[in-house]
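Trainee: Each residue of the sequence shown is one higher than the last, beginning at 221 in the numbering used here.
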Amino acid sequence: MDRKELGFGLFGVAALVEIVALALIVFRGVQSMALFYVIAGAAVVALGALGLYTLEAWRHPTSSHETTH
Numbered sequence: 221m222d223r224k225e226l227g228f229g230l231f232g233v234a235a236l237v238e239i240v241a242l243a244l245i246v247f248r249g250v251q252s253m254a255l256f257y258v259i260a261g262a263a264v265v266a267l268g269a270l271g272l273y274t275l276e277a278w279r280h281p282t283s284s285h286e287t288t289h
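1) Identify whether residue 250 lies in helix, strand or coil by the three-state DSSP scheme.
2) If I measure Cβ to Cβ from residue 224 and keep anything under 7 angstroms in the same chain, skipping five residues before and after, which residues do I get?
3) Quick check: residue 258 and residue 230, are their CB atoms within less than 9 angstroms of each other?
4) Between residue 238 and residue 263, how many whole angstroms is the CB-CB distance? I'm expecting something under 8 angstroms.
5) What residue from 280, 250, 271 and 235 has the CA that sits closest to residue 260's CA?
Right, dumping it as C-alpha cells:
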C-alpha cells in the first residue's frame with residue numbers, strides 16, 4: 221500500500237465517522253461535546269489525508285495525467 225492509497229483510505233474512514241456522528245445527532249437527538257470533538261477530529265484527519273493524497277498524486281502523477289511539451 222503506497223501513501224496515495226493510505227491517504228484515500230484514511231479519508232474514507234474519517235468521512236464515515238463524520239457521517240455516523242452526524243446521523244446520531246440528527247436522527248437520535250444525541251447532543252454531547254464528545255460527538256462534537258469526534259466530528260472535529262475526523263474533519264482534521266480527513267483534511268490531512270486529503271493533503272497526503274494530493275501531495276503524493278502531485279509528486280507521482282500517472283502516465284495519463286502527465287503532459288509533455
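Backbone N, C-alpha and C fix where the C-beta goes; we use that ideal spot for every residue, glycine too.
Mentor: Let me spell this out:
1) As a first step, residue 250 is located in the sequence shown; it is residue number 30 there, counting from the start. Under the three-state reduction of DSSP, residue 250 is assigned to coil, being neither helix nor strand.
2) Counting from one through the sequence shown, the residue named residue 224 turns up at place 4. Correct list, in chain order: 273, 276 and 277.
3) What you label residue 258 is simply residue 38 of the sequence shown in a count that begins at 1. What you label residue 230 is simply residue 10 of the sequence shown in a count that begins at 1. Not a contact, by the Cβ cut-off of 9 angstroms.
4) Here residue 238 corresponds to residue number 18 of the sequence shown, with the count starting at 1. Here residue 263 corresponds to residue number 43 of the sequence shown, with the count starting at 1. With 8 angstroms as the limit, residue 238 and residue 263 qualify as a contact, their Cβ atoms being about 7 angstroms apart.
5) The sequence position of residue 260 within the sequence shown is 40, counting from 1. Cα-wise, what sits closest to residue 260 is 235.
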